[in-house]
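Protein chains in written order, with this note's numbering: chain W, 13 to 340; chain C, -11 to 249. What follows is a set of notes on a single structure, which appears directly below.
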Ligand SMILES: Nc1ncnc2c1ncn2[C@@H]1O[C@H](COP(=O)(O)OP(=O)(O)O)[C@@H](O)[C@H]1O
Ligand SMILES: [Mg+2]
């Protein structure tokens, strides 16, 4: 066992060549692989990403599509090499084999050997770890039961639904009872019930002392279960912290919704608020910490408007998201 | 070691399951039988013809099937994204590649054995002696196939199946006839300009880099029933596997550097 972060990324950069050669599948990577750079422009998928994940936490890796989440995760898995920067996994450098012994990974939109049925499938993956045949079988049966695929135990994966593939994929990631589980978009493509099942499973893993690092572009999925969240936009870290902290904001204020606002009242009310929007006969005024809520409401009532609601404004992750995305 | 075995076993199962593989074997077996039919037309030469054509078809088809399987192996794993779940497991990339190679090895052993059995049946039908010489010849065909398989795996470790197939086929042709190609071209014109010709230079380099596959072809010994010492078989086998070993090391190096995006 090691102490300290379970996973660190330190100033990771990754550029993909999109030149004439680079854009051709495989040939590009072949030349890249042999150290020959393609001709033409590049895509900077990661531009200096740094973060650390602590033991035992559920860590949400959040960002819009194309932010670089999958690229970062594949680097952690040793599938692609950083252009620059480094990282550690379970206290070891990226790509270390001993670290991979204690790691579980579910790729984005996974595909598997389709002719295999769950038990053979898990036995194949278990065989890549130092486990005896007996251990593998016991563990495989328990996992098949845990992810609710016992009814399909003799069915080849070819005949699985999307949700079932995702579940056998999660079972595959857990075959070695890993300390750290990395899941790339584990909830994408699942119905609400499927999402809840994945959430429950992630919770359960934390209860057992595992660390879970999972990516998503869906805010609710991350918001609901993460201890900490990193928001990544265009290959860079924009924010990192506990969900509650990210939701707090020094500029957070109150939203007052009014009805029956006369034309004459508009200028004075606008003067007292920071922002105003009219929507279907209602007026929504945004008041920040520097505005007086009491004064605003008194004024509104005096001018004949009626107050529909007063909502303390707590920023949603979504707003932060949009804000960060537009700033980047 | 276990990791290599697991990958090899899976590759073998996959290869045997492959419909193209099955149909190619069926085709090769049909051709072998056709040889028998043709040979019965020409009365005196029948045994020689079966030996000559039989060994030629067996070696050529086995190599072609091996190229086909070899160039698709790694590509399929990437294409179907199965490699994303395998490489993050505690397995070195070279172990994965070696597992693939051994998987081809077993698949090809089965396939060469099947063709050998068919040939044996033909010998029985012709009342001819199969003999140790034929066993040696078929063993050397297997060694040749494994050399070709290593080359196929090398190219496919960093390029597309189509390109790998073409390149491996090129190596196969140069390996079988390379010495003849090079001398043919050079004897036509020996002036300095030709020597500097990039094509000639390329041919020479290719002939030098390609394995000498002609050493695995002992058809002449079989047809004329001359003796083939065991030491020849040892040497050819050692040379073949040494070449395959070097190619696999290069393949592992290319594979280790590759990004799986
Ligand atoms: N193999 C590749 N070649 C070129 N560009 C790529 C490749 N893989 C990813 N990218 C680019 O890198 C960026 C990040 O992609 P990705 O890591 O998949 O994002 P995310 O998982 O957050 O949606 C995108 O702009 C994407 O187009
Ligand atoms: Mg992604």
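Where a beta carbon is used, it is the ideal one built from N, C-alpha and C, also for glycine. A quick note: this is a predicted structure, and the numbers were derived from the prediction, not measured.
Item                                                                                                                          : Value
Within-8 Å CB hit, residue 92 (chain W) to chain C                                                                            : yes
Under 9 Å by beta carbon: chain C residues contacting residue 127 (chain W)                                                   : 1, 2 and 5
Contacts of residue 166 (chain W) in chain C (Cβ-Cβ under 9 Å)                                                                : Chain C residues near residue 166 (chain W): none, gap ~17 Å exceeds 9 Å.
Chain C contacts made by the stretch 87 to 116 of chain W, where a contact means CB separation under 8 Å                      : 89, 90, 91, 92, 93, 109, 110, 112, 113 and 115
Check: residue 28 (chain W) C-beta below 7 Å from any heavy atom of ligand 1                                                  : yes
Range of the contiguous alpha helix (DSSP H) that encloses residue 73 (chain C)                                               : 71 to 74
Exposed unless 16 or more other CB atoms sit within 10 angstroms - verdict on residue 14 (chain C)                            : exposed
Residue 117 (chain W), buried or exposed, once every other Cβ within 10 Å from all chains shown has been counted against 16   : buried
Residues, ordered as in the chain, of the stretch 44 to 69 of chain C that lie near chain W by beta-carbon distance below 7 Å : 68 and 69
is_contact[residue 178 (chain W), chain C] using C-beta, thresh 8 Å                                                           : no
Among C:97, C:78, C:152 and C:58, nearest to residue 128 (chain C) - alpha-carbon criterion                                   : C:97
C-alpha distance - residue 293 (chain W) paired with residue 320 (chain W), whole-angstrom precision                          : 12 Å
Check: residue 82 (chain W) C-beta below 7 Å from any heavy atom of ligand 2                                                  : yes
Residues near residue 155 (chain W) in its chain [Cβ-Cβ closer than 8 Å; skip 5 each side]                                    : 134, 183, 186 and 187
Under 9 Å by beta carbon: chain C residues contacting residue 140 (chain W)                                                   : -10, -9, -6, -5, 74, 77, 78 and 79
Chain-ordered neighbours of residue 232 (chain W) on chain C, where CB pairs are closer than 7 Å                              : Those do not exist, as residue 232 (chain W) stays about 27 Å from chain C at its closest Cβ, beyond 7 Å.
Distance cut-off 7 Å: residue 14 (chain C) Cβ against heavy atoms of ligand 3                                                 : Absence of ligand 3 is noted for the structure shown, with ligand 1 and ligand 2 being the only ligands found.
Rounded Cβ spacing between residue 88 (chain C) and residue 141 (chain W) (contact assumed at less than 8 Å)                  : Their Cβ separation, rounded to whole angstroms, is 19 Å, which puts residue 88 (chain C) and residue 141 (chain W) out of contact at 8 Å.
Min CB distance residue 235 (chain C) to chain W below 8 Å                                                                    : no
Residue-level contact to chain C via CB, residue 226 (chain W), 8 Å cutoff                                                    : no
Whole-angstrom distance between residue 73 (chain W) and residue 241 (chain W), CA atom to CA atom                            : 6 Å
8 Å Cβ cut-off: residues of chain W touching residue -2 (chain C)                                                             : 125 and 136
Endpoints, the alpha helix (DSSP H) within which residue 244 (chain C) is located                                             : 218 to 245
Separation of residue 304 (chain W) from residue 286 (chain W), as counted between CA atoms                                   : 11 Å
Chain-ordered chain C contacts of residue 122 (chain W) [CB-CB under 8 Å]                                                     : 69, 72 and 73
Contacting positions in the stretch 179 to 190 of chain W - beta carbon closer than 7 Å to chain C                            : 184
Ordered list of alpha helix (DSSP H) runs contained in the stretch 23 to 100 of chain C, each at least 4 residues             : 34 to 67 and 71 to 74
Residue 240 (chain W) in three-state terms, based on DSSP                                                                     : strand
Beta-carbon gap between residue 195 (chain W) and residue 99 (chain W) smaller than 8 Å                                       : no
Three-way DSSP call (helix, strand, coil) for residue 207 (chain W) in this model                                             : helix
Residues that residue 100 (chain W) bridges to, as DSSP identifies them                                                       : W:20 and W:105
DSSP-derived helix/strand/coil call for residue 118 (chain W)                                                                 : strand
Closer than 8 Å to chain C by CB, residue 119 (chain W)                                                                       : yes
Anticipated Cβ contact below 8 Å, residue 265 (chain W) with residue 231 (chain W), distance rounded                          : In fact, because the Cβ distance is near 21 Å, the residues do not count as touching under 8 Å.
Span of the beta strand (DSSP E) around residue 291 (chain W)                                                                 : 287 to 291
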